[in-house]
Ligand code: ADP
Ligand code: MG
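In the working numbering, the protein residues as written are 7 to 616.
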């Protein structure tokens, strides 16, 4: 209960005014409901000829309000019967009942309608918060949490929360109002009978609560399985090429089926329990009515209790009206635990601590590199094993430093430390003598341009992909960058030129074309520092030539860290560092390293670079 109140406190306050309107309409519709049903009394009295004509209009007073109201209503009805006859009076009463009911249902509609903006607003806010949080979390977070899982939390769990928030709003702001108004009426009609009813009701509530207990655990399980399913889907979409190449469709399908079945079984249990709520409360409701009917009936038959048969029927109608809000309580009893389970999962992301702390008083660096980048005694690990050990490296302004080494030796990791995608455990990364921790991420990353092995493009036009990192880029600037990157020709050859959509992740382009777009993007950003991580490794020789040419133009005048798989591309670097198992084992120029006859020579021999 406390948990879910705190959820409400977090998300509902912006929508207070809707909540207030809804509460007002609820009160209105509850009161109208009572009055419309009260008309049953005179109707029954006319039908069964139970009421003597009333000739005196009593003055209004608070002490015996119900009595006066009843008397005066009867007075008017008596006058009506006198002037128009009993059956016309019945018709008029019926029409009045219909009119009151129209108002009541109208109020009911408005109260539900004002809830809708709350519901949609809360869900939107949670989604936006989640998305922004994902943008702000460091890269390290995502290697642990799978993408499919995040998507599941964003969709399925947020929907669960929506349902449960709505249930809980009903529970807090609608049902209590209805119940209070109806109970007030019941007491007004006959407090003796109501006393008896109150003794029976809690029993019912307890019964309903029992079933809801296990729901939260089961529904957590179901959501976790849903995450697994989404993760598999994600993986499959990304790996379709390989799945088809290895003719593994059957295997994948089986794997999916078995997870799917597991999910189904769990959700079966959750839903079955949930379906029990409705029939059970209906049954219990009827039992309640029967018990009260028996007790009240005995009172009337024995002439005690001061209640007439028509009032008793009215009493039962109102009692029956109470059952719905009570039933909704039990529905909330199911939905809220489910929603809380989902909220917990969403909070795993929302409350994830951002381990990458921004400096409180950032020292500004850039926009140009003045002196050098320096890695000083840097040690880094992702989990237990050191990936980089005691790295010392100086990259002077305007020079090109190459990192080579076997795959897994830590090259990409080292390059990631400079834009501070990860924080080092020991040592320092310095830009012009300023620790990257002491400057703002924005400042720092604005100085760098990246070109990676896999060009990362978005499902947008060529223009927007190239202009991605630069605000208000003009057409001329974009075209200029594309020309330098050898991308202009093939862009112009497409249907709409720069306004052509490139497809999901640039799926319509060849590897070399994608790479040239990402180079054009880097050219346009014009950063002083360039990080090239195997920029040409995934390309064939022909497109590598084009891309390398574009890269050479990009690297001119810039400080560059180049990671290369093909050693031929970095032989002119100012310094080449050979990484082996996280350590720099050799460093120097191409010829010097060859002369050492060590790791570098070995790598070159394997690639037959002379
Ligand atoms: P390279 O780029 O030289 O091929 P990497 O820097 O990518 O090497 O990886 C160095 C080591 O760090 C490898 O053993 C790799 O398994 C590990 N590694 C890389 N990225 C992560 C990560 N996000 N989480 C855990 N370990 C990682
Ligand atoms: Mg790498």
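All C-beta atoms in this analysis are idealised placements derived from N, C-alpha and C, irrespective of residue type, glycine included. Quick caveat: nothing in here was measured; it's all calculated off a predicted structure.
Burial state of residue 571 is buried, judged by a 10 Å Cβ sphere holding 16 or more other Cβ atoms. Here residue 467 is bridged, per DSSP, to 507.
Within the model, the alpha-carbon separation for residue 66 versus residue 194 is close to 16 angstroms. Residue selection by CB proximity (closer than 5 angstroms to any heavy atom of the ligand ADP) returns 149, 388, 393, 413, 414, 415, 416, 417, 418 and 419 in chain order.
Taking C-beta atoms as the reference points, residue 405 and residue 565 count as a pair closer than 8 angstroms. Taking residue 98 as reference, the option from 595, 45 and 78 with the minimal CA-CA separation is 45.
The residue from 48, 41, 76 and 84 with its alpha-carbon nearest to that of residue 59 is 84. Unbroken alpha helix (DSSP H) stretches of 4 residues or longer found wholly inside the region 501-582: 517-531 and 547-561, given in chain order. For residue 384, the beta-bridge partners assigned by DSSP are 397. Here the region 518-537 lies against the region 446-455, with 3 or more beta-carbon pairs under 8 angstroms apart. According to the DSSP assignment, residue 171 belongs to the alpha helix (DSSP H) that extends over 164-175. Annotation for residue 604: 592 place their beta carbon closer than 7 angstroms to its own, counting only its chain and skipping 5 residues before and after. Residue 505 and residue 480 do not touch by the CB rule: their CB atoms are close to 15 angstroms apart, not below 8 angstroms. The ligand MG has no heavy atom closer than 7 angstroms to the beta-carbon of residue 176. In the three-state reduction of the DSSP assignment, residue 458 falls in the strand class.
Three or more Cβ pairs closer than 8 angstroms define a contact, and the region 253-264 falls short of that threshold against the region 177-190. Boundaries for residue 405: no alpha helix (DSSP H) harbours it, and the DSSP string shows neither H nor E there. Per DSSP, the continuous alpha helix (DSSP H) segment holding residue 14 begins and ends at 8-17. Only buried fits residue 269, as 16 or more other CB atoms lie within 10 angstroms of its CB. Taking one beta carbon from each stretch, the region 161-169 and the region 125-144 have 3 or more pairs nearer than 8 angstroms; the two touch. Comparing alpha carbon positions, the residue from 55, 247 and 316 closest to residue 196 is 316. Remark: C-beta atoms of residue 541 and residue 459 approach each other more closely than 8 angstroms. According to the DSSP assignment, residue 593 belongs to the beta strand (DSSP E) that extends over 589-594. For residue 9, the closest C-alpha among the options 343, 286, 121 and 562 is that of 343. Cα atoms of residue 93 and residue 82: separation of roughly 15 angstroms, rounded to the nearest angstrom.
Here the alpha carbon of residue 208 sits roughly 14 angstroms from the alpha carbon of residue 298.
In the assembly as shown, residue 148 is an exposed residue. Its beta-carbon has fewer than 16 other beta-carbons within 10 Å. In the DSSP annotation of this structure, residue 113 is not part of any beta strand (DSSP E); the continuous alpha helix (DSSP H) holding it starts and ends at 92-119.
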